[in-house]
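> Before we start, here is the structure in question, set down as structure tokens.
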Amino acid sequence: MKNIYFDSATTSQMRDEVIEAMSQSMQECYGNPSSTHAFGRKAKSKIEACRKDIAKTLRVTPGEIIFTSGGTEADNMVLKCAVFDLDVQRIITSRIEHHAVLNTAQFLEAQANIKVEYVNLDQNGQVDLNHLEKLLADDSHKTLVSLMHINNEIGNKLDLKTVSDLCQNHDALLHSDTVQSIGHFEIDLEDCPLDFLAVSAHKFHGLKGVGFAYINKKHRLASLIQGGEQERGHRAGTENVSGIIGLHKAFNLAYENLKTESAYIKELKRYFIQKLEVHIDGIMFNGLCKDLDQSTYTVINFSLPISEAKAGMLLFQLDLKGIACSQGSACQSGSQQGSFVLNEIYGAEKAKTPSLRFSLSHYNTKEEIDYAVEVLSEFVKTDKVEL
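Our numbering numbers the first residue of the sequence shown as 439 and each following residue consecutively.
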């Protein structure tokens with residue numbers, strides 16, 4: 439039986455070069471970076487070299503890169519510290535953000551008495567920029583806008599430059615969860631200024647449990663975690679040296695290969711969509727995933743014309759056939775409800791229609807897509823319903 443991985447938006451396969459770099463660092467660079475002896479200095483030097491290189495690519499200063507355990511910690515750090523340290527009194531976000539942002543905003547609303555407002559979405563799940571501008575026109579509260587660059591479920595891409603300009607015009611702070619875009623799109627923070635962003639290495643073929651926050655040097659945030667003075671006082675706790683080295687290696691390889699790999703994956707996505715449309719009558723693509731100008735090239739989200747009763751077996755049956763994909767964010771995989779993203783865009787009734795997210799990488803092939811479409815087509819033919 440074939441085993442095929444179509445779930446790279448949940449976590450991606452580590453590159454061999456990343457594993458090699460990390461393995462070497464574990465053997466040769468095991469000192470504590472806070473130690474002043476030679477072993478500690480060597481570890482510290484490696485971290486700072488990684489920080490400097492990442493900062494150069496993003497066109498920021500090294501001191502603005504703060505290593506974390508991943509995107510969730512980075513999102514929490516930014517939102518909570520913006521409220522506690524920068525006196526932010528209002529957060530503007532959307533109802534289809536990652537729960538690292540949504541739940542943190544709701545926590546702050548309940549515990550810190552801040553105001554949370556939600557920008558409207560259009561019929562495809564895109565942020566209504568006119569409504570955002572109207573919300574920003576109320577300058578009675580110090581405001582943080584938090585909008586993800588790429589939606590992790592449907593793949594919609596935000597016009598980050600326009601949002602950046604709007605925030606600058608209205609003196610609002612801007613945070614973006616770029617977990618699904620760093621390593622897949624070029625982001626120039628000199629050309630497109632943000633105050634904060636969040637990154638996870640395991641979304642671009644690095645290790646799980648390591649990432650970073652970008653914090654603009656204009657802002658001084660206290661550490662969310664109490665303890666030592668690591669990461670220039672922004673993040674207490676001994677740094678994950680080998681994880682950071684792996685992150686750096688994955689980051690560099692992602693951008694070195696971006697042109698060729700993105701072109702290859704775009705062609706896979708076009709091919710996949712074409713095959714699905716030919717072989718599955720009544721399929722519905724969600725969000726703007728068919729529009730490569732307004733979505734990421736790595737994600738396809740679609741709803742299938744099958745009964746709700748059979749939907750519960752869908753992922754299980756695909757897994758039995760060796761196909762790994764998802765029905766949305768893995769962080770919400772324990773939920774018995776349908777996709778909250780599709781529910782917000784299309785309404786509860788339509789969101790009940792069984793949906794799947796296939797997320798691609800350069801490791802996938804057209805032959806794998808052919809097999810997946812064949813399996814899906816057979817599954818649908820045995821239980822066809824009208825959407």
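Each residue gets a CB set at the ideal place from its N, CA and C atoms; glycine is no exception.
Shortest alpha-carbon distance to T448 belongs to which of E669, L726, G509?
G509
> Leaving out the 5 sequence neighbours to the left and right, which residues in its chain are closer than 8 Å to L691 when beta-carbon positions are compared?
R453, E455, V456, H643
> Within a Cβ cutoff of 6 Å, which residues of the same chain sit near V554, ignoring the five residues on either side of it in sequence?
I529, A543, E547
> Let me know the alpha helix (DSSP H) ranges lying completely inside the region 719-760, each 4 residues or longer, listed in chain order.
The qualifying runs are 746-749, 752-758.
> Does the distance from the CB of K790 to the CB of E746 come in under 7 Å?
Yes, these two residues count as a Cβ contact at 7 Å.
> Among residues of its own chain, excluding the 5 on either side of N470, which ones have a beta-carbon nearer than 7 Å to its beta-carbon?
G478, A481, T676
> Please report the residue range of the alpha helix (DSSP H) in which F522 lies.
509-524
> Taking three-plus beta-carbon pairs below 8 Å as touching, is the region 559-579 in contact with the region 600-613?
yes
> Does the distance from the CB of S584 to the CB of H717 come in under 7 Å?
no
> Which residue from Y443, N441, S473, I485 puts its Cα closest to that of G681?
Of the listed residues, the one whose Cα sits closest to G681 is I485.
> Give the single residue among D445, M439, F505, K440 whose Cα lies nearest to the Cα of C763.
Of all alpha-carbon atoms in D445, M439, F505, K440, the one lying nearest the alpha-carbon of C763 is that of D445.
> Anyone know if the C-beta pair for I683 and A512 falls short of 7 Å?
Their beta carbons are not under 7 Å apart, which means I683 does not touch A512 by this criterion.
> So who's on the other strand from E555, going by DSSP bridges?
I530
> Excluding the 5 residues preceding and the 5 following I670 in the sequence, name in chain order all residues of the same chain whose CB lies nearer than 8 Å to its CB.
Residue 670 is actually Arg in this sequence, not Ile. Here the set comprises G501, I504.
> Consider the Cβ of L758: report whether some Cβ of chain D lies at a distance smaller than 7 Å.
In the structure shown, chain D cannot be found, because there is only a single protein chain.
> Looking at the structure shown, is D830 part of a helix, part of a strand, or coil, going by DSSP?
Only positions 439 to 825 of the chain appear in this structure, which leaves residue 830 out of reach.
> Across which residues does DSSP place V583 in a beta bridge pair?
V583 pairs with I530, L612.
> Considering only C-alpha positions, which residue in the set K707, Y693, M751 is nearest to S492?
In the sequence on display, residue 492 carries Ile and not Ser. Cα-wise, what sits closest to I492 is Y693.
> If you drop the 5 nearest sequence neighbours on each side, which residues of the same chain put their C-beta closer than 7 Å to that of S532?
Y556, V557, L559, V565, L585
> Quick check on A786: does DSSP put it in helix, strand or coil?
helix
> Beta-carbon separation of L706 and L570 under 7 Å?
no
> Could you compute how far the alpha carbon of I653 sits from the alpha carbon of M464?
28 Å
> By DSSP's criteria, S700 is part of a beta bridge. Which residues make up the other side?
Answer is none; S700 lacks a bridge partner.
> Would D525 pass as a contact of K580 if the rule is Cβ separation under 7 Å?
yes
> Just to confirm, is the Cβ distance from L627 to L496 under 7 Å?
yes
> Just the C-alpha distance for N425 and G563, rounded to the nearest angstrom, thanks.
As displayed, the chain neither begins before 439 nor continues past 825, which places residue 425 out of reach and without an answer.
> Taking 7 Å as the limit between beta carbons, can you name the residues of its chain near K655, skipping five residues before and five after?
T499, G501, E502
> I'd like to check one pair, N678 with V648: are the Cβ atoms closer than 7 Å?
yes
> For K595, write down the residues that DSSP places opposite it in a beta bridge.
I588
> Start and end of the beta strand (DSSP E) containing S461?
Element bounds for S461: not the beta strand (DSSP E) but the alpha helix (DSSP H), 454-466.
> E591 to L714, Cα distance in whole Å?
18 Å
> Count the other C-beta atoms from every protein chain shown that fall within 10 angstroms of the C-beta of K819, then say buried if there are 16 or more, exposed otherwise.
It is exposed - the Cβ of K819 has fewer than 16 other Cβ atoms within 10 Å.
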